[in-house]
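Numbering (the working numbering), first residue to last: 530 to 656. Think of the CB as a built atom: it goes at the ideal place given N, C-alpha and C, for glycine as much as any other residue. Quantities reported herein were computed from a predicted structural model and do not represent experimental measurements. First comes the structure, then the notes that go with it.
In structure tokens, the structure reads:
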């Protein structure tokens, strides 16, 4: 999963433990997908709802590269045109938090996919 290395999810003495990466953007992405659901579970929210993420479908406004063999989550800015959501990538290093501030969501590129083409539809997890 990128961004998000290294990450540790464990249970210690019956208590959940989440070790976050050192880069701020990576840490926020991992917290979004793992930390928030764990906190929801600990708050008593049922398991099926605790792990639910808000997401939409959007089309890529330009080609977005990726390497097959890992799941990528690309920061994107969403724009709605004629009832269709378009995802514009917000590229930058995972240590630069301003790139995450500019993003509305995280576009998922699957583990077996080598990027997506302009106009191709993908899942976007809302931040």
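Each of 645, 624, 656 was checked against the Cα of residue 552, and the nearest Cα belongs to 624.
Counting only runs of 3+ residues, the beta strand (DSSP E) found wholly inside the segment 631-655 occupies 634-638, 650-655, in chain order.
For residue 569, no beta strand (DSSP E) segment is defined; the enclosing uninterrupted segment is the alpha helix (DSSP H) at 565-571. Rounded to the nearest whole angstrom, the C-alpha separation of residue 598 and residue 569 is 30 Å.
Relative to residue 582, the option among 593, 601, 561 whose CA is nearest is 561. By the neighbour-count criterion, in which 16 or more other beta carbons inside 10 Å mark a residue as buried, residue 555 falls on the buried side. Rounded to whole angstroms, the gap between the alpha carbons of residue 600 and residue 584 is 16 Å.
By the neighbour-count definition (other C-beta atoms within 10 Å, threshold 16), residue 604 is a buried residue. Looking at the backbone, the Cα of residue 614 and that of residue 631 are separated by about 16 Å. Along the length of the segment 586-629, whole beta strand (DSSP E) runs at least 3 residues long occupy 601-610, 613-618, reported in chain order.
In this structure, residue 550 and residue 534 form a Cβ contact; the two beta carbons are roughly 6 Å apart against a cut-off of 8 Å.
In the structure shown, residue 545 adopts extended strand secondary structure according to DSSP, grouped into three states.
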